[in-house]
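Student:
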């Protein structure tokens, strides 16, 4: 079994399109000629896709990955397959605990030269015999106390079990793919809006000034986005009537008031146009439609209170 | 392989000989040749996919058709690994494909805006995974589950190290083994998908 660990970095750079052309061609020739190396590149690729889904790629690598893997049907299929496989495995892990599946036997698919080594299980009765003798003595010498203790313990166990079950049934599913993707989007927005170096490197294609919505007054602000500028960024400037040295939170809602994603830890800035909260959002997250942005401020109690609401209509633009 | 021979049959007068020559060029015996054929085919599919081709199987077929047509004149005097020739032809095929007018591609929707068809495809894929999962041996299933297991007390990588120790493998060997079991799943899903096509 060959170990290509030393070439892991070069393979990843190749997959992301970061290798110089000559090096990439040389690597491709090796893929065709060396079966083990071709397999290693396949493994590295599935790990790269997994890292993307787990939000483990840096901003540059993520951008390169999306440019390469989310722009052709065949690559998108590969990315989607990895996502579906991971969801499938998560579902299986919820159904059963693989640690209690029993011992692994010899694997017919083990790589050449290696076999599974299995240690024999210890007889169960010999382990338990010595361990619980004190419990037997307790029940024999003090039967009334022992039975009372057992009854109280059982009631306590039932109460805890019922509470845990209701908590489990009412929590959002951990493996929900929409939730996973939302977390990835919010992670990207957090990096974009709270890391100074990241936001400084981004040049927004469009800046939109939004004023708080007042009932019956004013028209909805409009933003035109087309396919030609979907890879760019939008700067939103949310006007404030007054501001303070607090953290703000912007929640993006669709026209049915479903919360799409949230950007936290925003701060207000004083500008010639008055106090504003500014944030950057990738244009790809805006499909045509009406949006509401709910801006909340962190109060002394540690919770967010809405201070303003903004409306935005996104229109498809043709180049 | 049948698809390649059918296409070659429609063009050449002695296609069967050319295809036999191709296999002979790939391996000294039929078993070796078939294995090498599959290896080259997979490499071609990955090559075209990684270069953003919309339909890698069609382009891979095109490479095989062209090489098969030329094998009579190329193979006798070719020095070196035949896979290099396949790659050279693949580069030409890719360059020709790129020169064709580009088809419009829609940007990928984020999940909150999933169109019903995408969701249905995912459901079909999950159903296929369920079907193919049942065809794995219990040990193969256990290895896959434990490979992706994360517990409160152990991270994914710690679990993998423990699993590798139990199996008497290095972590890298376990990684390769898992990939091959996943490959078994993937091939099963592709067979199911091929059966469902009209």
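Protein chains in written order, with the numbering used here: chain A, 1 to 319; chain B, 1 to 198. By construction, the Cβ of each residue, glycine as well, lies at the ideal position given by its N, Cα and C atoms.
1) Note the first and the last residue of the continuous beta strand (DSSP E) segment covering residue 74 of chain B.
2) Locate the alpha helix (DSSP H) running through residue 212 of chain B, then write down its first and last residues.
3) Pairs of beta-carbons, one from the region 39-59 of chain A and one from the region 88-99 of chain A, closer than 8 Å: are there three or more?
4) Quick one: any contact between the region 152-162 of chain A and the region 57-64 of chain A, if contact means 3 or more CB pairs under 8 Å?
5) With C-beta atoms as the reference, is residue 277 of chain A less than 7 Å away from residue 248 of chain A?
6) With which residues is residue 324 of chain A paired in a DSSP beta bridge?
7) Closer than 7 Å, CB to CB, is residue 116 of chain A near chain B or not?
8) Within a Cβ cutoff of 7 Å, which residues of the same chain sit near residue 12 of chain A, ignoring the five residues on either side of it in sequence?
9) Would you report the Cα separation of residue 291 of chain A and residue 151 of chain A, rounded to the nearest angstrom?
10) Using the beta-carbon of each residue, which ones in chain B are nearer than 8 Å to residue 93 of chain A?
11) Around the Cβ of residue 62 of chain B, are there at least 16 other Cβ atoms within 10 angstroms (buried) or fewer (exposed)?
12) Could you tell me the alpha carbon to alpha carbon distance between residue 84 of chain B and residue 232 of chain A, rounded to whole angstroms?
13) Should residue 17 of chain B be labelled buried (16 or more other beta-carbon atoms within 10 Å of its own) or exposed?
14) Report the partner residues of residue 233 of chain A according to the DSSP bridge assignment.
15) Are the beta-carbon atoms of residue 133 of chain B and residue 75 of chain B separated by less than 7 Å?
16) Which residues does DSSP pair with residue 312 of chain A in a beta bridge?
17) Leaving out five residues before and five after residue 53 of chain B in sequence, what residues of the same chain have Cβ atoms less than 8 Å from its Cβ?
18) Residue 251 of chain A: which of A:204, A:182, A:288 and A:317 sits nearest, CA to CA?
19) Output, in chain order, the set of chain B residues within a Cβ distance shorter than 9 Å of residue 80 of chain A.
20) Would you kindly check if the distance between the Cβ of residue 288 of chain A and the Cβ of residue 316 of chain A is under 7 Å?
21) To the nearest angstrom, how far is the alpha carbon of residue 183 of chain B from that of residue 72 of chain A?
22) How close, in whole Å, do the beta carbons of residue 146 of chain B and residue 163 of chain B come, if the pair is a contact with beta carbons under 8 Å?
23) CA-CA distance, residue 51 of chain A and residue 242 of chain A?
24) Under the DSSP definition of a beta bridge, which residues are partnered with residue 261 of chain A?
25) Given this structure, state the Cα-to-Cα distance separating residue 168 of chain B from residue 67 of chain B, to the nearest angstrom.
26) So, does the CB of residue 234 of chain A fall closer than 7 Å to a CB anywhere in chain B?
27) Identify whether residue 270 of chain A lies in helix, strand or coil by the three-state DSSP scheme.
Tutor: Reading off the structure:
1) Premise fails: residue 74 of chain B lies in the alpha helix (DSSP H), 56-74, not in any beta strand (DSSP E).
2) The shown model of chain B, from 1 to 198, leaves out residue 212 of chain B, and the question about it has no answer.
3) no
4) no
5) Yes, these two residues count as a Cβ contact at 7 Å.
6) With chain A covering only 1 through 319, there is no way to say anything about residue 324 of chain A.
7) Caution applies to residue 116 of chain A, whose pLDDT of 35 falls short of 50 and renders its modelled position unreliable; the value that the coordinates give is listed next. Taking Cβ atoms only, chain B reaches closer than 7 Å to residue 116 of chain A, which makes this a yes.
8) Only 44 and 48 meet the Cβ criterion.
9) 57 Å
10) 145, 148 and 149
11) buried
12) 40 Å
13) By the C-beta density criterion, residue 17 of chain B is exposed, having fewer than 16 other C-beta atoms within 10 angstroms.
14) A:282
15) One thing to note: residue 133 of chain B has its Cβ no nearer than 7 Å to the Cβ of residue 75 of chain B.
16) A:221 and A:291
17) 59, 94 and 97
18) A:182
19) 118, 121, 122 and 125
20) yes
21) Cα to Cα, the separation comes out at about 22 Å.
22) 5 Å
23) CA-to-CA, the gap between residue 51 of chain A and residue 242 of chain A works out to about 42 Å.
24) A:252
25) 44 Å
26) no
27) strand
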